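Residue numbering for the first sequence follows this note's numbering, starting at 12 and increasing by one per position.
Just so you know, even glycine gets a beta-carbon here, dropped at the ideal spot from N, CA and C.
Just so we're clear, the structure is a prediction, and the values are computed from it rather than from any experiment.
Here's the structure we're looking at; comments come further down.
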Amino acid sequence: MKWTQTLIPTLREAPNDAEIASHKLLLRAGLIRKLAGGVYTFLPLGLRTLRKVEQIIREEMDRAGAVEVLMPALQPKEIWEQSGRAETASNVLFKVKDGSNREWFLSPTAEEVITTLAAGEINSYRQLPKNFYQISTKFRDEIRPRFGLMRAKEFIMKDAYSFDTTDENAMAAYKKMYDAYTRIFARCGLKAFPVEADTGVIGGNYSHEFMVPAETGENDVAYCEACGYAANIEKATSGIPKTAAREVGPAVEKFATPGVVKIEALSKEPYKVAANRQIKTLVYIADSKPIIILIRGDDQLNETKLIAKTGAVAVRPATVEEIVPLLGAKPGSLGAVANVPADVKVYADERLQGANDMTTGANEDGFHFKHVSIERDIKVSAWFDLRTVTAGEPCGKCGKPLKIRRAIEVGHVFKLGTKYSEKLNATFLDVDGSRKPAVMGCYGIGVTRTLQAVIEQGNDKDGIIWPLSVAPYQVCITPLSVAPESEAMKLAEKFYAELMAKDVDVILDDRDERPGVKFKDSELVGFPIRIGLGEKSLAKGEVEIKPRNGAMQAVRTEDAVAVVMALVKA
RNA sequence: CGGAGCGUAGCUCAGCCUGGUAGAGCACUUGGUUUGGGACCAAGACGUCGCAGGUUCGAUUCCUGUCGCUCCGACCA
Numbered sequence: 012m013k014w015t016q017t018l019i020p021t022l023r024e025a026p027n028d029a030e031i032a033s034h035k036l037l038l039r040a041g042l043i044r045k046l047a048g049g050v051y052t053f054l055p056l057g058l059r060t061l062r063k064v065e066q067i068i069r070e071e072m073d074r075a076g077a078v079e080v081l082m083p084a085l086q087p088k089e090i091w092e093q094s095g096r097a098e099t100a101s102n103v104l105f106k107v108k109d110g111s112n113r114e115w116f117l118s119p120t121a122e123e124v125i126t127t128l129a130a131g132e133i134n135s136y137r138q139l140p141k142n143f144y145q146i147s148t149k150f151r152d153e154i155r156p157r158f159g160l161m162r163a164k165e166f167i168m169k170d171a172y173s174f175d176t177t178d179e180n181a182m183a184a185y186k187k188m189y190d191a192y193t194r195i196f197a198r199c200g201l202k203a204f205p206v207e208a209d210t211g212v213i214g215g216n217y218s219h220e221f222m223v224p225a226e227t228g229e230n231d232v233a234y235c236e237a238c239g240y241a242a243n244i245e246k247a248t249s250g251i252p253k254t255a256a257r258e259v260g261p262a263v264e265k266f267a268t269p270g271v272v273k274i275e276a277l278s279k280e281p282y283k284v285a286a287n288r289q290i291k292t293l294v295y296i297a298d299s300k301p302i303i304i305l306i307r308g309d310d311q312l313n314e315t316k317l318i319a320k321t322g323a324v325a326v327r328p329a330t331v332e333e334i335v336p337l338l339g340a341k342p343g344s345l346g347a348v349a350n351v352p353a354d355v356k357v358y359a360d361e362r363l364q365g366a367n368d369m370t371t372g373a374n375e376d377g378f379h380f381k382h383v384s385i386e387r388d389i390k391v392s393a394w395f396d397l398r399t400v401t402a403g404e405p406c407g408k409c410g411k412p413l414k415i416r417r418a419i420e421v422g423h424v425f426k427l428g429t430k431y432s433e434k435l436n437a438t439f440l441d442v443d444g445s446r447k448p449a450v451m452g453c454y455g456i457g458v459t460r461t462l463q464a465v466i467e468q469g470n471d472k473d474g475i476i477w478p479l480s481v482a483p484y485q486v487c488i489t490p491l492s493v494a495p496e497s498e499a500m501k502l503a504e505k506f507y508a509e510l511m512a513k514d515v516d517v518i519l520d521d522r523d524e525r526p527g528v529k530f531k532d533s534e535l536v537g538f539p540i541r542i543g544l545g546e547k548s549l550a551k552g553e554v555e556i557k558p559r560n561g562a563m564q565a566v567r568t569e570d571a572v573a574v575v576m577a578l579v580k581a
């Protein structure tokens, strides 16, 4: 490609609506342009890198035995009602109506469609296993699009769906995808690592996310360097000990704590109750019913765990207006010892199991109870792991301290089980003649997000540093003179033709610009290899080969193509 | 949806506080001089100051509303 022929609108300064490095560089290097918040046009260069990421994904999916299909973005509402997600995923669905007032959803994912397809086309165990994938535009009504392609309303996702006869076979399919994902991200030059994950609205009971470490990521990951344990903070557990038991104290005793509404205040003079001897009482509304959550004073509730453990569709903290009539006191004096309505469930964090001599609110403004033995004095409906792991806690597997870091989620694999196949009748006849629901898995990669993650991980003050595998062009030829009869340009054209003949993606910067402009732009866009052709080196019979991330080397003109080929193959 | 901030030329921003009809740098066009790390000179083109209403003789400027964008939070497959 000749530079003047395509459109590469580089910017000297970043538009002020970009915050993070990768977003700024996507705009500055002329890869994308914003049409509206969370909605972007891919310019020629951006599209080329996107296609390269897609191609890597295709190759690895095909290698893992998946077959490509393409499902509609426009999906009838009915199948979403059948799966139950018309309600549970309602807040992210883009809904449209056609001329006859029929309602459609723009595909945020395609479990319903693929399962409907399988229901019609797969009838026998002989047709299984199958794994279908597609790479297509997805729509999600994100409440808050962010950071360019990182969280967009419209984006490109690879989604795959496996169908198997048994749970065991489904696990094998899961493992194949897990391995394929590992290869895909490695080929994109990304340092991605798998972590245990919550399954969220997709459902299922087993899942991993593939994470790229980055401070700008939207996820916290807890991990252990010693044994390799890694989990999304929403799911992570640790080996932290339960609350230490004390001598069983006397009966519960109420004491006055005027104006004390915070754990911290109660831990100070004159009360001096350490946070780890307090029970924090929270009221949530789970699917419109109030529930009480008990967490140790020095712990934080993990809402994702709460949803997962209680099976609720939606939870939110109760408002003061809801709490006072329920428990008779305002937040700050709440507890589960007295005045708890019988029909309100009390869920307690496992760390409190067996705890005694604790202090908690008395459900009377300005009073607390002390000497509370949780199992003696509180009617706990169920014990769950509900707390959020913090850095430094002992790893649940090996006991070494856990660390926490930010990361970008680029892929997610789920073992779904039969949730969708049962609801949408994707059944098959097994060897023994019995009809069974197919055991499913689903597997997503945020293609556009992966693209941005590559930039987030590979950049410096001058611009993007592309890995060869996904660079829009692998080689940029930069003649400092573009006059057709100049030696630099003639040689540039020669290299250009030779490299193209060898299937190298090459761009010739034929702009009549000053050298500084061309060098800066080639570094901003981040082509992995630049061939510089200028009078000074040509006079010595040399050209300059500059890897984007390495030192310039002077090379004999006649060796240049061979040297570039060696770098490209490396 | 709650909190904060911002909307002025393609981009980055000044002007607004203290009202008098709009500016700079970069980019763009033409000509010239330059030519190995984002050149220089000259001339030029580019604006419904987000939109609507109000106050005023007069509003980019003050007030109200509204839309859009960004960040934090909530949410998130």
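The beta strand (DSSP E) enclosing residue i, as first and last residue numbers
i           : result
residue 13  : Note, residue 13: premise wrong, no beta strand (DSSP E); not H, not E.
residue 301 : 300-307
residue 44  : 43-47
residue 581 : Careful: residue 581 lies outside any beta strand (DSSP E) and carries neither H nor E.
residue 452 : 450-457
residue 565 : 564-567
residue 86  : 85-87
residue 369 : 369-372
residue 108 : 105-108
residue 540 : 540-544
residue 327 : 326-328
residue 440 : 438-440
residue 341 : Careful: residue 341 lies outside any beta strand (DSSP E) and carries neither H nor E.
For residue i: DSSP bridge partner residues
i           : result
residue 394 : 359
residue 502 : The partner list for residue 502 (beta bridge, DSSP) is empty, contrary to what the question assumes.
residue 414 : 234
residue 423 : 220, 455
residue 175 : 450
residue 405 : 412
residue 475 : 470
residue 295 : 302, 328
residue 91  : Answer is none; residue 91 lacks a bridge partner.
residue 169 : 146, 456
residue 52  : 44
Element boundaries [alpha helix (DSSP H), containing residue i]
i           : result
residue 433 : 430-434
residue 31  : Careful: residue 31 lies outside any alpha helix (DSSP H) and carries neither H nor E.
residue 556 : Unbroken run through residue 556 is the beta strand (DSSP E), 553-558; no alpha helix (DSSP H).
residue 338 : 331-338
residue 63  : 55-74
residue 316 : 314-321
residue 375 : Element bounds for residue 375: n/a, residue is neither H nor E.
Contact belief for residue i with residue j at Cβ below 8 Å, rounded distance in angstroms
i           : j           : result
residue 440 : residue 136 : 7 Å
residue 303 : residue 351 : 7 Å
residue 474 : residue 536 : 6 Å
residue 120 : residue 170 : 6 Å
residue 127 : residue 90  : 6 Å
residue 324 : residue 99  : 5 Å
residue 13  : residue 217 : Not a contact, Cβ separation roughly 51 Å.
residue 60  : residue 526 : At roughly 26 Å, the Cβ-Cβ gap does not stay under 8 Å, so residue 60 and residue 526 are not in contact.
residue 485 : residue 539 : 6 Å
residue 558 : residue 544 : Not really, about 16 Å apart at Cβ, beyond 8 Å.
residue 274 : residue 291 : 6 Å
residue 509 : residue 572 : 5 Å
residue 393 : residue 358 : 5 Å
- [ ] Spell out a yes or no on whether the region 165-177 and the region 466-478 are touching, meaning 3 or more CB-CB pairs, one atom from each, closer than 8 Å.
- [x] Output reads no: the region 466-478 does not touch the region 165-177.
- [ ] Take every Cβ of the region 78-97, pair it with every Cβ of the region 491-509, and state whether three or more of those distances are shorter than 8 Å.
- [x] Below 8 Å, too few C-beta pairs join the region 78-97 and the region 491-509 to call them touching: fewer than three.
- [ ] Take every Cβ of the region 181-192, pair it with every Cβ of the region 450-466, and state whether three or more of those distances are shorter than 8 Å.
- [x] Of all C-beta pairs linking the region 181-192 to the region 450-466, three or more are shorter than 8 Å, placing the two stretches in contact.
- [ ] Evaluate contact between the region 382-402 and the region 196-204, counting only Cβ atoms and requiring at least three cross-stretch pairs below 8 Å.
- [x] Segment contact: the region 382-402 against the region 196-204, fewer than three CB-CB distances shorter than 8 Å; contact not assigned.
Open item on the list: Extract the residue ranges of the beta strand (DSSP E) inside the region 201-249, only unbroken runs of 3 or more that lie entirely within it.
Closed with: Qualifying beta strand (DSSP E) stretches, in chain order: 204-207, 217-224, 230-234, 241-243.
Task: Uninterrupted alpha helix (DSSP H) stretches inside the region 246-293 (no shorter than 4 residues) - done: The qualifying runs are 274-277.
Open item on the list: Ignoring anything shorter than 3 residues, give me the beta strand (DSSP E) runs that lie fully in the region 117-162, in order along the chain.
Closed with: With a minimum length of 3 residues, the continuous beta strand (DSSP E) runs that stay inside the region 117-162 are 141-150.
Open item on the list: Suppose only complete runs of 3+ residues qualify. What are the beta strand (DSSP E) ranges in the region 486-532, listed by chain order?
Closed with: You should have 486-490, 517-519.
TODO: Report yes or no: do the region 440-451 and the region 39-48 share at least 3 C-beta pairs separated by less than 8 Å?
DONE: No, the region 440-451 is not in contact with the region 39-48.
Open item on the list: For the pair the region 489-498 and the region 459-468, tell me if three or more CB-CB distances fall below 8 Å.
Closed with: Taking a cut-off of 8 Å on C-beta distances, the region 489-498 does not touch the region 459-468, as fewer than three cross pairs fall below it.
- [ ] Could you tell me whether the region 238-253 touches the region 397-416, using the rule of 3 or more Cβ pairs below 8 Å?
- [x] Result yes; three or more Cβ-Cβ pairs closer than 8 Å.
- [ ] Inspect the CB distances between the region 294-301 and the region 225-233 and report whether three or more fall short of 8 Å.
- [x] No, they do not touch.
TODO: Evaluate contact between the region 256-266 and the region 349-367, counting only Cβ atoms and requiring at least three cross-stretch pairs below 8 Å.
DONE: Output reads yes: the region 349-367 touches the region 256-266.
- [ ] Report yes or no: do the region 322-337 and the region 275-286 share at least 3 C-beta pairs separated by less than 8 Å?
- [x] Touching, no.
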